[in-house]
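J.: In this note's numbering, the protein residues as written are 1 to 530.
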């Protein structure tokens with residue numbers, strides 16, 4: 001059952017005797033029966049579910065007044081996590097979680113942990129975390145590439161399904177809605193997250209650059225401090241106008257903005273989404289094989305010119321086309337077998353399940369290996385296990401995009417393999433993976449500000465507390481001591497900060513992200529021509 005993100009479920013308050021707790025009749029303003037499930041930076045259409053089976057609730061006239069003044073429902077709605085409400089692809093949930101791990105490592109560890117394993121004889125370059133595949137836990141680029149492939153897939157799947165069914169009028173309506181809503185869909189939640197950063201800046205939450213742990217990769221990050229509440233709001237709005245500018249995207253100079261540099265992906269996401277929408281419109285009347293051939297050619301052309309985002313988005317669209325045609329073929333085979341009263345023809349994976357699993361596992365491990373390619377600037381060309389592979393990087397990718405080529409190949413390969421293997425899909429359909437998938441956009445937006453306003457001062461305080469003082473009263477921090485002392489500092493910082501980030505991402509998903517989806521659909525409905 002799906003629950004509305006802005007309504008307290010009656011089952012949450014149901015007693016063992018089946019009676020409803022009186023609090024269950026209280027609803028929040030603007031609640032509805034529909035719930036948008038899903039980490040929605042990448043897909044509006046796949047992430048929305050309808051709660052059709054919610055039991056009726058007994059309400060009273062007084063409720064419509066109480067619900068606007070009673071803070072208890074609001075607090076409860078914020079504090080109750082939204083587990084078991086998602087049916088989204090768990091793969092992007094894992095990717096979102098690992099992006100948080102990557103930025104956490106920049107705050108709490110030096111740069112050398114991101115270096116390639118074995119690039120020198122130094123012990124700093126023989127760490128377990130630097131090994132292939134293992135290093136994905138602290139990498140950033142591979143997960144951005146995975147996000148972009150999933151974006152192209154998710155934006156295309158429903159329109160391509162409608163095309164395959166011959167429902168072209170519905171396809172046109174769906175595509176028009178997606179195009180008009182896409183910009184607001186991406187940037188309204190981002191503006192809300194940056195407004196929170198602006199308010200935290202006014203309160204001094206990001207510090208002044210003095211209270212840091214020296215030697216870390218990125219020990220300090222703060223939005224510009226305008227010196228007052230109103231000036232800060234003007235500064236925030238000015239920077240948001242630049243972030244939201246739909247004409248300023250440049251893949252070689254992405255715009256992130258001073259309030260959260262992590263948002264450099266959003267202008268790219270928007271522009272690449274428009275490319276997908278254009279291709280959906282232009283290829284909607286083509287035969288499936290012609291459409292797939294054209295998409296493959298466009299992806300190859302973009303790859304030849306080293307445009308990493310179009311390669312990923314168009315490849316995601318091509319993978320969605322393969323999935324749609326596979327489903328249609330399976331449906332046709334099933335219908336034919338029923339009509340002809342013959343057993344359905346088994347696919348190769350059904351006839352040879354062990355071999356299919358072995359091939360899927362090999363493809364998945366290969367994709368992880370390519371995704372974990374160390375960056376050139378961090379010793380990738382001398383890395384153990386990668387020096388030969390990296391020598392085959394095309395000349396067009398050896399400039400500004402040199403760190404993207406192999407992760408791009410790995411991301412495309414990984415999504416294709418997972419989408420084709422029901423066995424591997426089981427790894428990403430757990431409740432935890434689906435939950436992270438649902439909150440992934442909000443998690444992406446809030447984790448940066450929280451790391452530098454909450455985690456940073458906690459890490460500094462713990463490092464000093466767990467340090468040691470010599471006979472002259474000179475303090476040696478835990479970060480300088482290293483070992484167990486700093487290990488406890490990291491564990492303590494993560495233990496306090498992680499729940500704060502998750503709670504804020506969960507609340508942001510329900511109260512901003514999914515609310516934005518509903519608002520945009522409602523506004524679009526007001527102006528659409530019947």
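Just so it is clear, CB atoms sit at the ideal spot from N, CA and C, and this is done for glycine as well. Keep in mind it's a predicted model, so treat the numbers as computed, not measured.
(1) Please check the pair residue 316 and residue 150, which I expect to be a contact at CB under 8 Å, by giving their CB distance rounded to whole angstroms.
(2) Could you tell me which uninterrupted alpha helix (DSSP H) segments, each at least 4 residues in length, are contained entirely in the stretch 75–160, listed from first to last along the chain?
(3) Extract the residue ranges of the alpha helix (DSSP H) inside the stretch 284–318, only unbroken runs of 4 or more that lie entirely within it.
(4) Checking the sheet assignment: what are the DSSP bridge partners for residue 468?
(5) Mapping the DSSP letters down to three states, classify residue 429 as helix, strand or coil.
(6) To the nearest angstrom, how far is the alpha carbon of residue 275 from that of residue 183?
(7) State the Cα-Cα distance for the pair residue 476 and residue 486, rounded to the nearest angstrom.
(8) Do you know how far the Cα of residue 328 is from the Cα of residue 336?
(9) How big is the Cα-Cα spacing for residue 375 and residue 322?
(10) For the alpha helix (DSSP H) containing residue 170, list its first residue and its last residue.
(11) For residue 238, tell me which candidate among 478, 195, 514 has the shortest Cα-Cα distance.
(12) With burial defined as no fewer than 16 other Cβ atoms inside 10 Å of the residue's Cβ, what is the status of residue 510: buried or exposed?
(13) Could you pull out every residue in the same chain whose Cβ sits closer than 7 Å to the Cβ of residue 160, ignoring the five residues on either side in sequence?
(14) Are the CB atoms of residue 407 and residue 370 nearer to each other than 8 Å?
(15) On the CB-based measure, 16 or more other CB atoms within 10 Å of its CB, does residue 426 come out buried or exposed?
(16) Among the candidates 528, 503, 145, 236, whose CA atom is the shortest distance from the CA of residue 403?
(17) Please report how far the alpha carbon of residue 413 lies from the alpha carbon of residue 481, in whole angstroms.
(18) CB residue 119 to CB residue 379, shorter than 8 Å?
(19) Under 8 Å, do residue 112 and residue 178 count as touching if we go by C-beta distance?
(20) State the start and end residues of the unbroken alpha helix (DSSP H) segment that holds residue 402.
(21) If residue 219 sits next to residue 107, beta carbons under 8 Å apart, how far is it from one beta carbon to the other, in whole angstroms?
(22) Within the stretch 215–255, note down every full alpha helix (DSSP H) run reaching 4 residues or more, in order along the chain.
(23) Can you have a look at residue 65 and say buried or exposed, based on whether 16 or more other CB atoms are within 10 angstroms of its CB?
(24) My output table needs one value for residue 61: the three-state DSSP class, helix, strand or coil.
(25) Assign residue 331 to one of two classes, buried (16 or more other C-beta atoms within 10 Å of its C-beta) or exposed (fewer than that).
(26) If you compare alpha carbons, which of 418, 462, 397 is closest to residue 368?
(27) If you follow the alpha helix (DSSP H) that residue 482 is in, where does it begin and where does it stop?
(28) Taking residue 526 as part of the alpha helix (DSSP H), name the residues at either end of that continuous run.
(29) Please classify residue 259: does DSSP put it in a helix, a strand, or coil?
(30) Does DSSP put residue 282 in a helix, a strand or coil?
(31) Where residue 326 and residue 164 are concerned, what is the direct C-alpha to C-alpha distance, given to the nearest angstrom?
(32) Reducing DSSP to helix, strand and coil, say where residue 511 ends up.
(33) With distances taken between CB atoms, is the gap from residue 260 to residue 457 smaller than 8 Å?
(34) Measuring alpha carbon to alpha carbon, tell me which residue in 492, 498, 443 is nearest residue 93.
(35) Under three-state DSSP, which class holds residue 321?
(36) Just how far apart, CA to CA, sit residue 421 and residue 361?
T.: Let's see:
(1) As a working mapping, residue 316 is identified with position 316 in the chain shown. As a working mapping, residue 150 is identified with position 150 in the chain shown. Between residue 150 and residue 316 the Cβ distance is about 6 Å, and since that is below 8 Å, they are a contact.
(2) Those alpha helix (DSSP H) runs which fall completely within the stretch 75–160 and span 4+ residues are 90–108.
(3) Uninterrupted alpha helix (DSSP H) stretches at least 4 residues long and entirely within the stretch 284–318 occur at 288–304, given in chain order.
(4) To locate residue 468, count along the chain shown from 1; it is residue 468. Bridge partners of residue 468: 476.
(5) Sequence index remark: in the chain shown, residue 429 carries index 429 (1-based). The answer is coil: DSSP assigns residue 429 none of H, G, I, E or B.
(6) Here residue 275 refers to the residue found at position 275 of the chain shown. Here residue 183 refers to the residue found at position 183 of the chain shown. For residue 275 and residue 183, the distance between alpha carbons rounds to 13 Å.
(7) Looking up residue 476 in the chain shown gives position 476. Looking up residue 486 in the chain shown gives position 486. Looking at the two C-alpha atoms, the distance is approximately 11 Å.
(8) Here residue 336 is taken as the residue at index 336 of the chain shown, counted from 1. Here residue 328 is taken as the residue at index 328 of the chain shown, counted from 1. Caution is warranted here: a pLDDT of 48 is assigned to residue 336, below 50, making its placement in the model unreliable, and the coordinate value is therefore given only provisionally. Rounded to whole angstroms, residue 336 and residue 328 show a C-alpha spacing of 12 Å.
(9) Sequence index remark: in the chain shown, residue 375 carries index 375 (1-based). Sequence index remark: in the chain shown, residue 322 carries index 322 (1-based). Answer to the nearest angstrom: the Cα atoms are 32 Å apart.
(10) Counted from its first residue, the chain shown places residue 170 at position 170. Per DSSP, residue 170 belongs to the alpha helix (DSSP H) from 168–202.
(11) Stepping through the chain shown from its first residue, residue 238 is reached at position 238. Checking every option, the nearest Cα to that of residue 238 belongs to 195.
(12) One-based indexing of the chain shown puts residue 510 at position 510. With 16 or more neighbouring CB atoms inside 10 Å of its own CB, residue 510 falls in the buried class.
(13) Here residue 160 corresponds to residue number 160 of the chain shown, with the count starting at 1. Same-chain partners within the cutoff: 320, 321, 324.
(14) Against the chain shown, residue 407 aligns to sequence position 407. Against the chain shown, residue 370 aligns to sequence position 370. Result yes, Cβ atoms of residue 407 and residue 370 sit closer than 8 Å.
(15) Residue 426 sits at position 426 when you count from the first residue of the chain shown. When all chains shown are included, residue 426 counts as exposed.
(16) Here residue 403 is taken as the residue at index 403 of the chain shown, counted from 1. Nearest C-alpha to residue 403: 145.
(17) Here residue 413 refers to the residue found at position 413 when the chain shown is read from its first residue. Here residue 481 refers to the residue found at position 481 when the chain shown is read from its first residue. When rounded, the distance between both Cα atoms is 43 Å.
(18) As a working note, residue 119 is residue 119 in the chain shown. As a working note, residue 379 is residue 379 in the chain shown. Cβ distance < 8 Å, so residue 119 and residue 379 count as in contact.
(19) Stepping through the chain shown from its first residue, residue 112 is reached at position 112. Stepping through the chain shown from its first residue, residue 178 is reached at position 178. Going by beta carbons, residue 112 and residue 178 fall outside the 8 Å limit.
(20) Taking the first residue of the chain shown as position 1, residue 402 is located at position 402. It is not in any alpha helix (DSSP H) - residue 402 carries neither H nor E in the DSSP assignment.
(21) Here the question's residue 219 lines up with position 219 in the chain shown. Here the question's residue 107 lines up with position 107 in the chain shown. Their Cβ separation, rounded to whole angstroms, is 7 Å, which keeps residue 219 and residue 107 in contact under 8 Å.
(22) If one requires a minimum length of 4 residues, the alpha helix (DSSP H) runs lying completely within the stretch 215–255 are 229–243, in chain order.
(23) Sequence index remark: in the chain shown, residue 65 carries index 65 (1-based). Note that residue 65 scores a pLDDT of 45, beneath 50, so its modelled location is shaky; the value from the coordinates is reported in the next line. Residue 65 comes out exposed.
(24) Walking along the chain shown from the start, residue 61 turns up at place 61. Reliability of the predicted coordinates at residue 61 is poor, the pLDDT of 47 falling under 50, and no value is obtained from them.
(25) Residue mapping note: residue 331 aligns to position 331 of the chain shown, counting from 1. Under the 10 Å beta carbon count, residue 331 is surrounded by fewer than 16 other beta carbons and is classified as exposed.
(26) In the chain shown, counting from the first residue as 1, residue 368 sits at position 368. Comparing alpha carbon positions, the residue from 418, 462, 397 closest to residue 368 is 418.
(27) Locating residue 482 in the chain shown gives position 482, where the first residue counts as 1. For residue 482, no alpha helix (DSSP H) encloses it, and the DSSP letter there is neither H nor E.
(28) The sequence position of residue 526 within the chain shown is 526, counting from 1. Where residue 526 is concerned, the enclosing alpha helix (DSSP H) stretches over 514–527.
(29) Here residue 259 refers to the residue found at position 259 when the chain shown is read from its first residue. Correct three-state label for residue 259: coil.
(30) Position 282 of the chain shown, counted from the start, is the residue given in the question as residue 282. Correct three-state label for residue 282: helix.
(31) Taking the chain shown and counting its residues from 1, the one referred to as residue 326 is at position 326. Taking the chain shown and counting its residues from 1, the one referred to as residue 164 is at position 164. Going by the C-alpha atoms only, they are around 11 Å apart.
(32) Translated into the one-based positions of the chain shown, residue 511 becomes position 511. Looking at residue 511 - three-state DSSP - the assignment turns out to be helix.
(33) Here residue 260 corresponds to residue number 260 of the chain shown, with the count starting at 1. Here residue 457 corresponds to residue number 457 of the chain shown, with the count starting at 1. Against a cut-off of 8 Å, the Cβ pair of residue 457 and residue 260 comes out as no contact.
(34) As a working note, residue 93 is residue 93 in the chain shown. Across the set 492, 498, 443, the C-alpha of 443 shows the shortest separation from the C-alpha of residue 93.
(35) Here residue 321 corresponds to residue number 321 of the chain shown, with the count starting at 1. In the structure shown, residue 321 sits in a helix (DSSP, three-state: H, G or I).
(36) In the chain shown, counting from the first residue as 1, residue 421 sits at position 421. In the chain shown, counting from the first residue as 1, residue 361 sits at position 361. Roughly 9 Å between the two C-alpha positions.
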